[in-house]
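Okay, structure first, notes after.
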Amino acid sequence: YYQSDKAQRSALKALLITHIGSLGLYLAAATLFLQTGTFALSAMSELHGDARYLVYGGILFAAWGKSAQLPMQAWLPDAMEAPTPISAYLHAASMVKVGVYIFARAIIDGGNIPHVIGGVGMVMALVTILYGFLMYLPQQDMKRLLAWSTITQLGWMFFGLSLSIFGSRLALEGSIAYIVNHAFAKSLFFLVAGALSYSCGTRLLPRLRGVLHTLPLPGVGFCVAALAITGVPPFNGFFSKFPLFAAGFALSVEYWILLPAMILLMIESVASFAWFIRWFGRVVPGKPSEAVADAAPLPGSMRLVLIVLIVMSLISSVIAATWLQ
1418 YYQSDKAQRS ALKALLITHI GSLGLYLAAA TLFLQTGTFA LSAMSELHGD
1468 ARYLVYGGIL FAAWGKSAQL PMQAWLPDAM EAPTPISAYL HAASMVKVGV
1518 YIFARAIIDG GNIPHVIGGV GMVMALVTIL YGFLMYLPQQ DMKRLLAWST
1568 ITQLGWMFFG LSLSIFGSRL ALEGSIAYIV NHAFAKSLFF LVAGALSYSC
1618 GTRLLPRLRG VLHTLPLPGV GFCVAALAIT GVPPFNGFFS KFPLFAAGFA
1668 LSVEYWILLP AMILLMIESV ASFAWFIRWF GRVVPGKPSE AVADAAPLPG
1718 SMRLVLIVLI VMSLISSVIA ATWLQ
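To get this note's numbering, take the position in the sequence shown, counting from 1, and add 1417.
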C-alpha cells in the first residue's frame, strides 16, 4: 500500500513509535548484562537495587511501545491502512501481543519484581483501557473501532500481568489465556470487517444495515466476535476476563486501592458490551441498506476462514477453562 501517502505516513509513525519503545529494551538488556554478565531472563532474579528498576522499567516501556499502550498508542489506529488480513494477523493475533509476551516472560522467568513496577503497570493499563474505550465511541470506520478496542484489550492483559506481580497466580494465568482467546475473537472481527468491505464496498458502520439478511455468515461472525471480546459466556473472552476480576477483587482485600480500579474496569466492561451491542443492532438485523442489498457474494475461502474462527471462539473457551482449573 506504499502508493498511498496516508499509508506511508502511517507506516513511518508505527516504525518511529515502536522503535522509541525499543530503547527501553536496549536499556534493560545492557543493564542486565553489566550486572550479571548474561542476557538470560532468569538472571533478572539476581538483580538488586536500582538495577532491578532499570531492567523491569525498560522492559515495561518497550512492551508499551510494541503493544500500543499509552503513551505510545497512536500508531495502531493509523496502521489500519494496512490490508485487512494483515490487520487480523499482526494487529489482533501476533505483533501487538509481542509487548505483552515480553512483559509476561519477564514476570515468569525473572521474579524478584519491585511492586512499584506492578503499580505503574496497573495505573497505565487502567488509563489505557478507559482512554481506549472513550476513543472508540466516535469511530464509524469498523477497522478503526476495532483498533481502539484492541488497545483496550491489550490494556486488560497488562493489568492482569501487573496484578500477578503482587502474588496472584490466577491473574497471570488469566492474562495468558487472554492472549490466546483475544487472538481468535479479534481476528474474526477484523475478517468480518474485511468481508463486509469486500462484499459491500464499505466498512463504514452507518452505511451497513441488514447484514444478516444478505450476508448471514458475516452477520453471525459479528455477533460472536462482539460477545467474545466483551467477555460474555460461553464465548472465550469470558474465561479470560472473569479470572482477572476474581484476582483483582481478591487482592483488593489486602490492597484497598484496587477496589475503585476494579469498579472502574467493571463499568468499562459493561459499557463496552453495550456499545458493541448497539452497533450489532444497527448493522446486523433489519432491512438491508443500499450497500448491503447490492453486496457481492463471498468466495468460499473467506467463508471457510470465518467459520473456523467462529468455532475457535467457542472451542478456545473450553481449552481456557480446562487450563485455568
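Ideal placement from N, C-alpha and C gives every residue a C-beta, glycine not left out.
Beta-carbon separation (whole angstroms), residue i vs residue j, contact threshold 8 Å
i: residue 1431; j: residue 1543; result: That belief does not hold up - the Cβ atoms of residue 1431 and residue 1543 are roughly 25 Å apart, past 8 Å.
i: residue 1570; j: residue 1562; result: About 13 Å separates the two Cβ atoms, so there is no contact after all.
i: residue 1617; j: residue 1496; result: The pair is not a contact, with the Cβ atoms about 23 Å apart (cut-off 8 Å).
i: residue 1598; j: residue 1549; result: Not confirmed; about 18 Å, so no contact.
i: residue 1620; j: residue 1558; result: 6 Å
i: residue 1658; j: residue 1607; result: Between residue 1607 and residue 1658 the Cβ distance is about 20 Å, and since that is not below 8 Å, they are no contact.
i: residue 1494; j: residue 1565; result: 6 Å
i: residue 1685; j: residue 1547; result: 6 Å
Sequence-distant residues of its chain with Cβ nearer than 6 Å to residue i (five each side left out)
i: residue 1643; result: 1693 and 1697
i: residue 1489; result: 1434, 1438, 1481 and 1482
i: residue 1492; result: 1430, 1431 and 1434
i: residue 1441; result: 1475, 1478 and 1479
i: residue 1713; result: 1616
i: residue 1638; result: 1605, 1609, 1723 and 1727
Per DSSP, cross-strand counterpart(s) of residue i
i: residue 1608; result: Its beta-bridge partners do not exist; DSSP assigns none.
i: residue 1554; result: None, per the DSSP bridge assignment.
i: residue 1621; result: 1558
Residues near residue i by beta carbon distance below 7 Å, same chain, minus five either side
i: residue 1579; result: 1535, 1538, 1539 and 1542
i: residue 1663; result: 1587
i: residue 1596; result: 1514, 1517 and 1574
i: residue 1669; result: 1675, 1676 and 1679
i: residue 1444; result: 1471 and 1475
i: residue 1553; result: 1562, 1565 and 1566
i: residue 1623; result: 1557
i: residue 1531; result: 1469, 1470 and 1473
Neighbourhood of residue i by C-beta, 8 Å cutoff - its chain only, sequence neighbours within 5 removed
i: residue 1652; result: 1602, 1641, 1644, 1645, 1730, 1731 and 1734
Below-8 Å beta-carbon distance, residue i vs any chain C residue
i: residue 1489; result: This model lacks chain C altogether, as it is built from one protein chain only.
message: Quick test of the definition: if touching needs 3 or more C-beta pairs under 8 Å, does the region 1699-1713 touch the region 1569-1588?
response: no
Meets three-Cβ-pair contact criterion under 8 Å: the region 1532-1552 and the region 1588-1601: no
query: Touch check for the region 1477-1484 and the region 1432-1446: three-plus C-beta pairs under 8 Å?
result: yes
query: Touch check for the region 1719-1739 and the region 1629-1649: three-plus C-beta pairs under 8 Å?
result: yes
task: Specify whether the region 1461-1481 and the region 1516-1527 touch according to this definition: at least 3 beta carbon pairs, one from each stretch, less than 8 Å apart.
output: yes
field: Complete runs of the alpha helix (DSSP H) confined to the region 1465-1497 [at least 4 residues]
entry: 1467-1483 and 1492-1495
message: Quick check for students: name the residue ranges of the alpha helix (DSSP H) that lie wholly in the region 1625-1701, counting only runs of 4 or more.
response: 1628-1631, 1633-1646, 1655-1668 and 1675-1700
query: Quick one: any contact between the region 1609-1623 and the region 1500-1515, if contact means 3 or more CB pairs under 8 Å?
result: yes
query: Are the region 1678-1690 and the region 1645-1652 touching by the rule of at least three beta carbon pairs closer than 8 Å?
result: yes
task: Would you mind listing the beta strand (DSSP E) stretches within the region 1491-1545 that are 3+ residues and don't spill past its ends, in chain order?
output: none
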